[in-house]
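Protein chains in written order, with my numbering: chain A, 23 to 305; chain B, 7 to 300; chain C, 25 to 441.
Read the structure below first, then the notes.
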């Protein structure tokens, strides 16, 4: 139906920009992981030294564990929950646009403001401890204990992501032809059946998108940790990219930072491939 | 064969649902649920808003926290407006945001088309390579990108800020998914009718993914509007600073006037809210019926 | 004939113009451009810095100084991207630990000999801040010793009429405050400073090995563990997640130990609490010295105008410039001559805690020194000590083991140099 040359024509403009500003820098970063680059001194090839160092580095494994834990807490929630919110705001009610805006708010605000607000709510005398005191639970060290810190950070992320991913689902829902629903209703389908047999299958491309994107975001997250807990307590909320940032900018060890990024890249790539096998489907 | 490409039409046969008790109860339940969720979303911001409305002599940090200012005042907004060239910064941000929305919309939708529709050798590899660019954290690509911009002599110009983000793998991926959701027979009928790929793309597919395009537009706008680090690193003339960088001046050395910073943050947030609501016009329930009938 | 005369006059005047232009060009010096970067000083100190720049340019013909101010949380990114493309500033304002990192990779020029002429102008304990090993890489600029802002009302409610003067007294008062009012007194968050201030350096004098493993250190850790178990040490402040200025403004802590230039933050957060506050000298550790936070001025190793850059660095840090700076905000100069100015002896009886605090801070200058050992990895060493300390308090780790682990880690970090 379509010729290959058409394909390349359409890909060309984006391709050039992407190659220049995304691909080449990514390759450069990958190459740097085999060196001891620190910006100021001449570059020296060190082969696999950085990778060996990473395998022996306790902080690297701890960061990896923290990141996986964070991912498990965040991604399933952000794939499933926003669907319901999107269905909720897809109705033709008065003022619905305003509700959509309000739900989107958390996604708009900068990390710094979010950190201030949530630090305050998670404080030992903050709102959350107040609420749980009403049901006779002892105050929890939300951000100051290694048991709870990742859960708390995940909570903030989910709060921010609900509105953000809601938008994609909303756009997806909007593209579902309405006569499909009308036909189903004529056949006597109730709400749950309509959603199960029509909505979810039609949303599959969006679900794939969100799973992949939210996985990538979860694995790359660090600004939230930087703003809220500085990787503490005692490294319990240090993620892999946080480690990368520290090594690259604070400790001037760009080569090692690139190596860690390379390992992270491999992990994300594998997870994305698994996702693709499971969820992707082109007509 | 009818191809319905116009958005706000009521479909030919509209089944009017009777306005009965069930519907009213449903609506009320919906509003209740909507509002409950809304409160959870918005409570943290009340503090930010109330801080911006508090006067110099009122404590921001008191215990327990006071949400409602004793004397509501707009003086912080006025001070911010007067002490910084806000209109200039707003204009700069608008220019950056304009290109930061137009270019991605154009290039990403072009690139997404073959990835969703065409079968060519190397398609999967290309798609994976594009996705891969998102898997490397920006912290380690920062210096290579800066060096490339330096070689291209783009440091200090808006192009240096706009181009690196002009095409995002994210945008390509998003629109690819949008295209994938459209049945392929639509393309086929058009091609049988003699349409070229470009016509299929522009006249058929693009209109059908308007909500997703609007989504990408909103996200690109927010990304471009809130961009802080890159403009800071690339731009050198203070007169070209966008709002995010300009507002940083409100953080004084040693002492910060928290009220002014809150007011500034709200000023920066307003255009985003306006754009968000404006683009909502592309999200209309029931606007599309399937395009192939009979 | 007339035409000839006209042409010759024209030619002559042209020649004159040409000669005049040539001699002017030959007479002016080559224009040198210096890039000067500061950390987060704009816009508050725009006038002051621009004044410095103008004055230097006037005194040094042919030199132009271009000033750029960098927000403090993007300093590393700015420095690295600029350095990678050879556009690093000639004269840089840096904080002490980043300076040591940059010195170790050869990014900043060795000033040991070139700045020997001004060394004696500075306080001894302060000069070391710019050192790596025994070489100097930066000139000290403005600094801040400690101070104490305390809440008169809170202390009165607990039965005290004066702020604590020694560490022991402070802890005793903290216990009373906690029992009676549920508020905190001492809120330690800098064990890496507390130890050296109380006679337990982290690194040995020859900078080759860890010095932290002493019975005194273990005792200190044990003491703090007991206090923590009694509830006297709030977690959020210990871990640096909550800010002391906000807690002070909410009257959750009775005193705040920090430099006087920051006191006014409380006024921004809660004017009422600021009015209830007063200043006191900071508590000095048993070593007799307190830590001093210093900002430095360094010169890029790859500067294209090293002589002029050095001259500018010396100019910015000289007595006159620093004195003028200190008069605008409650920071202190690092030059002995400036600090001796009678400006710093005023304010003893001021109503404004900021001014009073400055008076006390200036009086303590002689007893201040940089507690950071002049080694490359000092920030990681500090972090390692803090981590072990947190493990003792939060995870019940054995203090002896913690000190030993800290020692091992410090030795590891010193080895890589």
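C-beta atoms are modelled at their ideal positions from N, C-alpha and C, and glycine is treated no differently.
Return helix, strand or coil for residue i, following the three-state DSSP convention.
i: residue 186(C); result: coil
i: residue 61(B); result: coil
i: residue 168(C); result: strand
i: residue 207(C); result: coil
i: residue 429(C); result: helix
i: residue 302(C); result: strand
i: residue 268(A); result: helix
i: residue 69(C); result: coil
i: residue 319(C); result: strand
i: residue 229(B); result: helix
i: residue 147(C); result: coil
i: residue 164(B); result: helix
i: residue 73(B); result: coil
i: residue 281(C); result: strand
i: residue 60(C); result: strand
In chain C, which residues lie less than 9 Å from residue i when you measure between Cβ atoms?
i: residue 45(B); result: None at all; the shortest Cβ gap to chain C is about 25 Å.
i: residue 252(A); result: 263, 264, 265
Tell me whether the beta-carbon of residue i lies closer than 8 Å to the beta-carbon of residue j.
i: residue 237(C); j: residue 419(C); result: no
i: residue 395(C); j: residue 166(C); result: no
i: residue 251(A); j: residue 239(A); result: no
i: residue 58(C); j: residue 333(C); result: yes
i: residue 249(B); j: residue 99(B); result: yes
i: residue 282(A); j: residue 82(A); result: yes
i: residue 62(C); j: residue 239(B); result: no
i: residue 304(B); j: residue 38(A); result: With chain B covering 7 to 300 only, the question about residue 304(B) has no answer from this structure.
i: residue 107(C); j: residue 133(C); result: no
Cβ closer than 7 Å: which chain C residues qualify as neighbours of residue i?
i: residue 239(B); result: 101, 102, 105
i: residue 128(B); result: Result: empty, since nearest Cβ-Cβ is about 34 Å, beyond 7 Å.
i: residue 175(A); result: Here the premise fails: no neighbours, minimum Cβ distance about 12 Å.
i: residue 166(A); result: 259, 260, 263, 265
Output needed for residue i: all residues of its chain with C-beta closer than 8 Å, excluding positions within five of it in sequence on either side, in chain order.
i: residue 415(C); result: 421, 426
i: residue 149(C); result: 313, 316, 392, 393, 394
i: residue 162(A); result: 150, 151, 154, 170
i: residue 145(C); result: 342, 343, 359, 360, 361
i: residue 49(C); result: Because residue 49(C) carries a pLDDT of 46, less than 50, the predicted location of this residue cannot be relied on, and no value is offered for it.
i: residue 57(B); result: 66, 264, 265, 268
i: residue 220(A); result: 198, 202, 203, 206
i: residue 208(A); result: none
i: residue 47(C); result: For residue 47(C), the predicted model reports a pLDDT of 44, less than 50, meaning its position is unreliable; a value from the coordinates is still stated below. So no residue of the chain qualifies.
From this set, the options, which residue's C-alpha is nearest residue i's C-alpha?
i: residue 80(A); options: 284(A), 257(A), 283(A); result: 257(A)
i: residue 112(C); options: 193(C), 328(C), 410(C); result: 328(C)
i: residue 176(B); options: 31(A), 101(A), 142(A), 232(A); result: 232(A)
i: residue 274(A); options: 223(C), 98(C), 128(C), 119(C); result: 128(C)
i: residue 137(A); options: 51(B), 236(B), 285(B); result: 51(B)
i: residue 174(B); options: 232(B), 137(B), 251(B); result: 137(B)
i: residue 310(C); options: 244(C), 325(C), 263(C), 172(C); result: 244(C)
i: residue 33(B); options: 116(A), 95(A), 44(A); result: 116(A)
i: residue 179(C); options: 200(C), 169(C), 170(C); result: 200(C)
i: residue 91(C); options: 84(C), 223(C), 74(C); result: 74(C)
Between which residues of its own chain and residue i is the CB-CB distance below 6 Å, once the five residues before and five after are set aside?
i: residue 242(A); result: 263
i: residue 227(B); result: 103, 107, 281
i: residue 225(C); result: 235
i: residue 183(A); result: 100
What residues of chain B sit near residue i, judged by a beta carbon separation below 7 Å?
i: residue 296(C); result: 65
i: residue 67(C); result: 255
i: residue 292(C); result: 261, 262, 263, 264
Whose C-beta lies closer than 7 Å to the C-beta of residue i among residues of the same chain, with five residues either side of it excluded?
i: residue 248(A); result: 264
i: residue 51(C); result: Its pLDDT being 44, under 50, residue 51(C) is placed unreliably by the model, and the measurement read from it follows with that caveat. So the list is empty, once near-sequence residues are dropped.
i: residue 210(C); result: 194, 195, 198
i: residue 63(B); result: none
Looking at chain D, is there any beta carbon in it that lies within less than 8 Å of the beta carbon of residue i?
i: residue 315(C); result: You won't find chain D in this structure, because its protein chains are A, B and C.
Run through chain C and tell me which residues come within less than 8 Å of residue i, C-beta to C-beta.
i: residue 258(B); result: 67, 68
Residues of chain B with CB closer than 9 Å to the CB of residue i, please, in chain order.
i: residue 292(A); result: Chain B residues near residue 292(A): none, gap ~10 Å exceeds 9 Å.
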